[in-house]
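Residue numbers (the numbering used here): 822 to 1198.
All C-beta atoms in this analysis are idealised placements derived from N, C-alpha and C, irrespective of residue type, glycine included.
Keep in mind the model is a prediction, meaning the values are calculated, not measured.
The structure under discussion appears below in the form of structure tokens.
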Ligand SMILES: *Cc1c(COP(=O)(O)O)cnc(C)c1O
């Protein structure tokens, strides 16, 4: 009559309910407010969030949309991508970064990632440029900014556009300047687990370029900004009023949640220092990391993850197969030696639990379990 043993979750990978509880009266009031006004699509709540999010990025224009994948697609279509145009993107990211290049009619050209920061290796970008190259999509992966100075210099020299993929890096800074303000446009996701998360799908674009903002808004709204006037064929991609209201409640909390993520990363750094075989994340000079993910490297990654799971600690691999090696890109026939860093990392990276509400004792539990693993014979 024995029951199958079930491991109790001691440390979840993330805890969205804990965040809700910390601001429950504000969220409940906002949701009720939207229902009362019935501004479910477009309307005051969406407009308010767009204004606030733009202000957070130095008064740029904000175009909200349905998610952080559509935003990349909308930006590329609005920048005028044509069939056969090549776009350079990092070899290790979430697939949205590159599937949207293909959707928009472009051709994906991968560039390896930097071994220290996991962001695009800027020393290799120029070797990927051809006469057909039109743009670069750097990703501020895990929350650490890519080297925007080097990327913008290359873009200016070769007359390329840049779309920053900021889905994991809300409020991260490069040399004191907030990410999303460097490129021609910047794409954000508010997927529930992101640093700023809605209670469903949501996304937005930021740009300092007013005509581009207008084209993006038009494209996302069936090709017209007023009802019945369709200047072009577009798509339907919109942020809804409930998500906008939730995001407006959460936005003022984001600086504190970000600081908390940075504190947690510091605590992990102290607790895990000197454990043999565990490589901690590194932050390059001039970059402010916002730790959407806390990613360590280990030669025994899979055994370590299994050990942590046995102690009730959830971990994730972001991402277990680098983009060029996915079946989705088999047509490009890439080999491991084409992107040695991304290939090296995919079998060693492990994301540890990190969220603003994680407790000191949960951090201790993780650290103890990792120490225990590394001291096994
Ligand atoms: C989450 C994410 C996206 C896509 O966002 P969705 O809102 O889920 O569509 C794009 N790029 C990166 C790097 C992401 O992490």
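DSSP state of residue i mapped onto helix, strand, coil
i            : result
residue 1184 : helix
residue 822  : In this prediction, residue 822 scores a pLDDT of 45, lower than 50, which makes its location untrustworthy; no coordinate-derived value is stated.
residue 1069 : helix
residue 867  : helix
residue 999  : strand
residue 915  : coil
residue 1060 : coil
residue 994  : strand
residue 964  : helix
residue 861  : coil
residue 1079 : helix
residue 1047 : coil
residue 1099 : coil
residue 898  : helix
residue 1110 : coil
residue 910  : strand
residue 1010 : strand
residue 985  : strand
Distance CB(residue i)-CB(residue j) smaller than 8 Å
i            : j            : result
residue 1085 : residue 1191 : no
residue 940  : residue 1133 : no
residue 886  : residue 1033 : no
residue 1117 : residue 1142 : no
residue 1202 : residue 1162 : With the chain covering only 822 through 1198, there is no way to say anything about residue 1202.
residue 855  : residue 1062 : yes
residue 879  : residue 1009 : no
residue 995  : residue 969  : yes
residue 1023 : residue 1068 : yes
residue 1113 : residue 1016 : yes
residue 1070 : residue 871  : no
Which listed residue (the options) has its alpha carbon closest to that of residue i
i            : options                : result
residue 1159 : 1121, 945, 840         : 945
residue 963  : 1180, 1124, 1171       : 1171
residue 1195 : 1046, 1127, 1024       : 1127
residue 953  : 982, 992, 857, 878     : 982
residue 1021 : 856, 1181, 904, 1011   : 1011
residue 1149 : 851, 837, 929, 1112    : 929
residue 881  : 1070, 832, 1030        : 1030
residue 912  : 957, 1183, 1070, 1081  : 957
residue 1077 : 1045, 1111, 1048       : 1111
residue 833  : 1129, 1193, 1059, 1169 : 1129
residue 777  : 1119, 1186, 1180       : With the chain represented from 822 up to 1198, any question about residue 777 goes unanswered, as that position is not in the structure.
Residue i versus residue j: straight-line alpha-carbon distance, rounded
i            : j            : result
residue 909  : residue 915  : 15 Å
residue 860  : residue 1066 : 10 Å
residue 1074 : residue 1136 : 26 Å
residue 1083 : residue 1165 : 26 Å
residue 1198 : residue 1125 : 13 Å
residue 1089 : residue 1056 : 44 Å
residue 1028 : residue 902  : 17 Å
residue 1152 : residue 919  : 14 Å
residue 959  : residue 1072 : 24 Å
residue 849  : residue 1094 : 42 Å
residue 1092 : residue 1188 : 6 Å
residue 835  : residue 1184 : 13 Å
residue 1005 : residue 1122 : 38 Å
residue 1108 : residue 874  : 21 Å
residue 1157 : residue 1146 : 8 Å
residue 943  : residue 950  : 12 Å
residue 961  : residue 1007 : 11 Å
residue 971  : residue 907  : 19 Å
residue 1053 : residue 1131 : 55 Å
residue 933  : residue 980  : 21 Å
residue 973  : residue 876  : 23 Å
residue 822  : residue 1081 : Annotation note: pLDDT 45 at residue 822 (below 50); position unreliable, coordinate value reported separately. Going by the C-alpha atoms only, they are around 46 Å apart.
residue 1047 : residue 976  : 34 Å
residue 948  : residue 917  : 24 Å
Are there three or more Cβ pairs, one per stretch, closer than 8 Å when the segment 1171-1186 is compared with the segment 990-1010? no
Three or more C-beta pairs below 8 Å linking the segment 860-876 and the segment 917-931: no
For the 8 Å Cβ check, are there 3 or more pairs between the segment 977-992 and the segment 889-901? yes
The segment 961-977 touching the segment 1101-1111, judged by at least three CB pairs closer than 8 Å: yes
Is the segment 832-849 touching the segment 1037-1050, taking contact as three or more C-beta pairs under 8 Å? no
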